[in-house]
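K.L.:
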Amino acid sequence: MEARGWDVAKYFVHGLALGVLFLIVGAAWTFVIVLLVICGLWIGLATGLVLFFVLIGYLNGYVAWLLWFPVRTGFVPTLGHGVLLFLALLPLNLVVLGVHLLVTPDLLVSLGIFIVTAPAFGYVAKRVAGVWEIRSYDVARFGELPPGPSSEGEAAPLVEDDDRE
Numbered sequence: 012m013e014a015r016g017w018d019v020a021k022y023f024v025h026g027l028a029l030g031v032l033f034l035i036v037g038a039a040w041t042f043v044i045v046l047l048v049i050c051g052l053w054i055g056l057a058t059g060l061v062l063f064f065v066l067i068g069y070l071n072g073y074v075a076w077l078l079w080f081p082v083r084t085g086f087v088p089t090l091g092h093g094v095l096l097f098l099a100l101l102p103l104n105l106v107v108l109g110v111h112l113l114v115t116p117d118l119l120v121s122l123g124i125f126i127v128t129a130p131a132f133g134y135v136a137k138r139v140a141g142v143w144e145i146r147s148y149d150v151a152r153f154g155e156l157p158p159g160p161s162s163e164g165e166a167a168p169l170v171e172d173d174d175r176e
């Protein structure tokens, strides 16, 4: 029972961290996408969307690495991670948008919804990051585990698999 409570707390932190990071990155990305579209309409839009997906994939991978397990990095895995995360969070975001439309939106309501939905966002984000999880058999097959996000350059502990070799 203790582990489940700790997991819920980690889901909450994961969802909260992603929400704050997405808010910051989303604000910056808005200016970048406008500049890219002005520079080249369709190419700028496509470049901006790819940049958006890579950013959210990287952010979720980083938070997952800190809280749960190591994840694969690189342009293509991070792009796929971002696209899948966007698609997985879209229904949840539509429900949140619907609640915002039904309730008088003010700062307290928005903050309350943000806090209440954080564990759900964290759960979905962890499940998406699990697709790119680096398992112990991957390390045995492909080589050394890359260093994690810690300042000492030490990798996060490996997740042990039950039946895989």
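Each residue of the sequence shown is one higher than the one before, counting from 12 in my numbering. We put the beta carbon where it would ideally sit given N, CA and C, even for glycine. On a predicted model such as this, the values are computed, not experimentally measured, just so you know.
(1) Run through DSSP, which three-state label would ARG138 get?
(2) Please classify GLY123 as buried or exposed, where buried requires at least 16 neighbouring CB atoms within 10 angstroms.
(3) Round the Cβ separation of PHE125 and GLY93 to the nearest angstrom and send it over; I've been treating them as touching at under 8 Å.
(4) If PHE42 and ILE67 are in contact, beta carbons under 8 Å, what's the gap, nearest whole angstrom?
(5) Can you name the start and end residues of the alpha helix (DSSP H) that GLY51 belongs to?
(6) So what does VAL82 bridge to, in DSSP terms?
(7) What separation, rounded to the nearest whole angstrom, lies between the Cα atoms of GLY91 and ALA38?
(8) In the structure shown, what three-state DSSP assignment does PRO116 receive?
(9) Under 8 Å by Cβ, that's how I've got LEU48 and LEU56 pegged, so tell me the actual separation to the nearest angstrom.
(10) Can you give the beta carbon distance from VAL74 to ALA28, rounded, assuming they're within the 8 Å contact cut?
(11) Would you call ASN104 buried or exposed, if buried means 16 or more other Cβ atoms sit within 10 Å of its Cβ?
(12) Please identify the residue among VAL31, CYS50, LEU112 and LEU119 whose C-alpha is closest to the C-alpha of ASN71.
(13) Taking all protein chains shown into account, decide if GLU176 is buried (16 or more other Cβ within 10 angstroms of its Cβ) or exposed.
(14) If you count every other CB in all the chains shown that lies within 10 Å of the CB of PRO81, and 16 or more means buried, which is it?
P.N.:
From the atom records:
(1) Walking along the sequence shown from the start, residue 138 turns up at place 127. Three-state DSSP puts ARG138 in a helix.
(2) As a first step, residue 123 is located in the sequence shown; it is residue number 112 there, counting from the start. Exposed is the label assigned to GLY123, since fewer than 16 other Cβ atoms lie within 10 Å of its Cβ.
(3) Against the sequence shown, residue 125 aligns to sequence position 114. Against the sequence shown, residue 93 aligns to sequence position 82. The distance from the Cβ of PHE125 to that of GLY93 is about 21 Å, inconsistent with a contact at the 8 Å cut-off.
(4) As a first step, residue 42 is located in the sequence shown; it is residue number 31 there, counting from the start. As a first step, residue 67 is located in the sequence shown; it is residue number 56 there, counting from the start. The pair is not a contact, with the Cβ atoms about 17 Å apart (cut-off 8 Å).
(5) Stepping through the sequence shown from its first residue, residue 51 is reached at position 40. Premise fails: GLY51 is in no alpha helix (DSSP H) and is neither H nor E.
(6) Looking up residue 82 in the sequence shown gives position 71. The secondary-structure analysis by DSSP pairs VAL82 across a beta bridge with GLU144.
(7) Numbered from its first residue, the sequence shown carries residue 91 at position 80. Numbered from its first residue, the sequence shown carries residue 38 at position 27. Taking the straight line from one Cα to the other gives about 22 Å.
(8) Position 105 of the sequence shown, counted from the start, is the residue given in the question as residue 116. Here PRO116 sits in coil by DSSP.
(9) Taking the sequence shown and counting its residues from 1, the one referred to as residue 48 is at position 37. Taking the sequence shown and counting its residues from 1, the one referred to as residue 56 is at position 45. Residue identity differs from the one stated: residue 48 is Val in this sequence, not Leu. Contact between VAL48 and LEU56 holds, since their C-beta atoms are separated by about 5 Å, short of 8 Å.
(10) What you label residue 74 is simply residue 63 of the sequence shown in a count that begins at 1. What you label residue 28 is simply residue 17 of the sequence shown in a count that begins at 1. In this structure VAL74 touches ALA28 by the C-beta definition: roughly 5 Å separates them, less than 8 Å.
(11) Translated into positions along the sequence shown, residue 104 becomes position 93. ASN104 should be labelled exposed.
(12) Indexing the sequence shown from 1 puts residue 71 at position 60. Residue VAL31 holds the alpha-carbon nearest to the alpha-carbon of ASN71 among VAL31, CYS50, LEU112 and LEU119.
(13) As a working note, residue 176 is residue 165 in the sequence shown. No answer about GLU176 holds up, because its pLDDT of 39 lies below 50 and its placement is not dependable.
(14) To locate residue 81, count along the sequence shown from 1; it is residue 70. Counting the other CB atoms within 10 Å of its CB gives PRO81 a total of 16 or more, which places it among the buried residues.
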